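Residue numbers (our numbering), protein chains in the order written: chain P, 4 to 355; chain H, 1084 to 1665.
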């Protein structure tokens, strides 16, 4: 190991430079040197030569590379900021260079499928909890790294990049990971909370995307704040039931990464998931929307996965199930809404 | 019966999957000179060792109380209260004569200290620490093993030769029976799995063997196995209740047992116990933990482990790295072991306890069916003369994070790349102590051990028939919960043989599929014809119980005489999702 002892000089790795990855790299670069991994060669050159990302200037503290080995050798702490669809593949590319002393914190709000070899989701009648991996579970499965954490919370990348005040949650089973995350990210404008229920925090970030799509759809239909209030609170109940079934704890769902993120995403045109719902309600097809978006809306994949999971457990998740029909089976949003209005929710809150 | 054993033995000679194969083997001792045995070295310096344990645990407790006198005082008072309660309510023969007196003196000193207002704080603190010192010293002395090499040799020879006599007396016919060496204990108790790796690593690093625990006989059995494998004795924590019985106390002491008193749940005791284990591992003494903490009451393979002792393995490993011992001599290896029985003597009382605990949470006293030497001897005689086979599966060695290790003891990731266990204890470039991290590592190790238990577990015909029969009965009575199911009148339950056979075959097919995926092991007798397997299973399942869990009635159908016992033996195959077949 050729690491420096002082935490001031520690080089931090950032894997993936999407909008959130870039925002995190900027924040980290305020205190520490950063090595960033990007897949596009032009981006690597742009960062190393012009110190900018897509034309926006960034700190000279950030250098970029396409070489996982170089990144792993120079950093003890890595932030994985890759969309869930590419997560497993990227982690596998890094795996040969990762050692037990590494710490990984990820910021991906999606799920990954873990199916028997050669099977795809459409082959599976039902899927159970073992077939679903959160991103931290992917890291544990694919690498020897054990000290793993996640970042979640209301962190719209555009607002973070402008330096507006915000907060996040670093969740890990290991206090040392939480402390490292706090030391690296905390600033006057950025508050960092700790949580030991990493699965609950990951699921909060993942499941809220379903509700965000629905919320965008309501807005796209031109419906008002009463409807949104209804959706958010019923959505919260659904999120908690699904989250518990997947092994998260209630406490995390009512925290910053749960309610906090849910409220933010359900109200923001900056959210990709919200935008998907909005444009659907405006009459665009899912295909057109996906083709014209520069980054992935994680919620779409999450809806598909959770719908299959719900069927296997015998639970009911009316919002998820209807959203699935809207997204993949051409159910009209208006009809889905009608169905939800008639659905017999009799008890307001029965989970506390 | 002797024919049957013969069949099994012959059968074993057929080539099969490697680890399922049992080849009778003679193992030379890995350390021929007893002076080289770590446990002998430890017993020679027993006095100093006990002292260092007491001192280290005192430091730990002071660390836990944060140097706060009020907290320390409270801990001491709680300890005193609980100890007095124990002496009054649950005294045991093995308790020292001066127990009452000692704790009375502690009481006196504590009273005097708290009434005293003239002594300055620093002086008072010193006095509280002095009391703690006495307590940890007493506990360390009480816990420490009394290993004596001469006793060990004697005990070992009793077990091997004495039992071999019994075995041959029962099996060999004619005058020669008393002198025959045709059968040895190794025919009776098969040892399979990674024995060579274990022997190899035991000569280089420190082994912690973690077996499943179903019967009080396990301690002796494992002791014998360790000796057959040519390993120096392991120390292990044995329930103090076992020392109540003279014959057991003798065996335990000579096999290197230290004492664990489950009545004592106070902080100083638990910390002293952990320190003892951790220091012994650092000393290089091989240890044996029953990670379930106690015998499995349900008959299930342990799924929730007691992590207290296990954490000492991780602690000792980190301490070795902190001392700069980075090579294999300071490495701690975890070796899971499963013991597979057709018959568990204590099954009736174990399952009864299990049901009363799960049925309604209530306190139950530690009871003992091995209460007299007579009962034990009777059991041992039955066991050795009648033949109910036992097999012991030795799993692959792992590091304290649960990674498999290669022949040189290097940890490997799942792709076979060598990694340093030391790196898991590094923060900012240095090995450091982080108790919260080690707690999580302990949980992780616990989960890995449970996984390995399920993989190396060896299915017997008796487990198969018990599992199938119970699941069939459960399916026929879908609406009943477990407790009502177990209360069904036994005379009403009949399984038609042909249907039973069909279901056994289905479960067996699934077991072989699991085996193909390396998720379980099977005994060679499961490769015979299905009728033969079933009759072997019926003959063996819980064979010495007054009420048999499964028997054939006069029409050739399957009936049970005791549902709870059937449930107990069925549970051995819990945790493989086999119940989904029904």
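Backbone N, C-alpha and C fix where the C-beta goes; we use that ideal spot for every residue, glycine too.
Being a predicted model, the structure only gives us computed values, none of them experimental.
- Secondary structure at residue 269 of chain P: helix, using DSSP grouped into helix, strand and coil.
- One thing to note: residue 1234 of chain H has its Cβ no nearer than 8 angstroms to the Cβ of residue 1315 of chain H.
- Look at residue 99 of chain P: its C-beta is under 8 angstroms from a C-beta on chain H.
- Its Cα nearest to that of residue 1406 of chain H, the residue H:1515 stands out among H:1152, H:1663 and H:1515.
- The three-state secondary structure of residue 15 of chain P, taken from DSSP, is strand.
- In terms of Cβ geometry, residue 1313 of chain H and residue 1113 of chain H form a close pair [threshold 8 angstroms].
- Assigned with DSSP and collapsed to three states, residue 120 of chain P falls in coil, not helix or strand.
- In the DSSP annotation of this structure, the continuous segment of the alpha helix (DSSP H) that includes residue 321 of chain P starts and ends at 321-331.
- With contacts defined as CB atoms closer than 8 angstroms, residue 38 of chain P and residue 102 of chain P fail to qualify as a contacting pair.
- The Cβ of residue 1394 of chain H sits no closer than 8 angstroms to any Cβ of chain P.
- Per DSSP, the unbroken beta strand (DSSP E) holding residue 1419 of chain H starts and ends at 1415-1424.
- For residue 1306 of chain H, the three-state secondary structure derived from DSSP is helix.
- Residue 1390 of chain H has a beta carbon lying at 8 angstroms or more from every beta carbon in chain P.
- The beta carbon of residue 1397 of chain H is closer than 6 angstroms to those of 1483, 1521, 1524 and 1525 in its chain, skipping five residues each way along the sequence.
- DSSP places residue 174 of chain P inside the beta strand (DSSP E), whose first and last residues are 169-175.
- Only those residues of the stretch 178-193 of chain P whose C-beta falls short of 7 angstroms from the nearest C-beta of chain H are listed: 178 and 179.
- Between residue 1644 of chain H and residue 1554 of chain H, the CB-CB gap reaches or exceeds 8 angstroms.
- Spatial neighbours of residue 1345 of chain H in its own chain (CB-CB distance under 8 angstroms, excluding positions within 5 residues in sequence) are listed in chain order as 1322, 1323, 1324, 1377 and 1449.
- Taken through DSSP and simplified to helix, strand or coil, residue 1548 of chain H comes out as helix.
- Interface residue (Cβ-Cβ distance to chain P less than 8 angstroms): residue 1517 of chain H is classified as such.
- Residue ranges of uninterrupted alpha helix (DSSP H) with 4 or more members, entirely inside the stretch 1592-1664 of chain H and ordered along the chain, are 1613-1623 and 1646-1653.
- Residues of the same chain with a CB within less than 7 angstroms of the CB of residue 1148 of chain H, apart from the 5 flanking positions on each side, are 1154, 1155 and 1158 in chain order.
- Inter-residue distance for residue 1363 of chain H and residue 239 of chain P is about 52 angstroms (C-alpha atoms, whole angstroms).
- Using a Cβ-Cβ cut-off of 7 angstroms, residue 104 of chain P is close to 1506 and 1509 of chain H, given in chain order.
- Within chain P, not a single residue places a beta-carbon under 7 angstroms from that of residue 1621 of chain H; the smallest gap is close to 35 angstroms.
- Annotation: the stretch 206-276 of chain P contains the following complete segments of the alpha helix (DSSP H) (minimum length 4 residues), in chain order: 228-248, 253-256 and 264-269.
- Here residue 344 of chain P is exposed, its C-beta having fewer than 16 other C-beta atoms within 10 Å.
- DSSP places residue 1116 of chain H outside any beta strand (DSSP E), giving it a letter other than H or E.
- By the neighbour-count criterion, in which 16 or more other beta carbons inside 10 Å mark a residue as buried, residue 119 of chain P falls on the exposed side.
- For residue 109 of chain P, there is no enclosing alpha helix (DSSP H); the residue is part of the beta strand (DSSP E) that begins and ends at 106-109.
- Residue environment analysis places residue 1533 of chain H among the buried positions, since at least 16 neighbouring C-beta atoms fall within 10 angstroms of its C-beta.
- Contact check for residue 186 of chain P and residue 305 of chain P: beta-carbon distance about 31 angstroms, past the 8 angstroms limit, so the pair fails to qualify.
- Taking a Cβ-Cβ cut-off of 7 angstroms, the neighbours of residue 1496 of chain H in chain P comprise 147, given in sequence order.
- Counted as a single uninterrupted DSSP element, the alpha helix (DSSP H) harbouring residue 1536 of chain H occupies residues 1518-1539.
- Annotation for residue 144 of chain P: the continuous alpha helix (DSSP H) segment containing it runs 138-145.
- Rounded to the nearest whole angstrom, the C-alpha separation of residue 1110 of chain H and residue 1608 of chain H is 25 angstroms.
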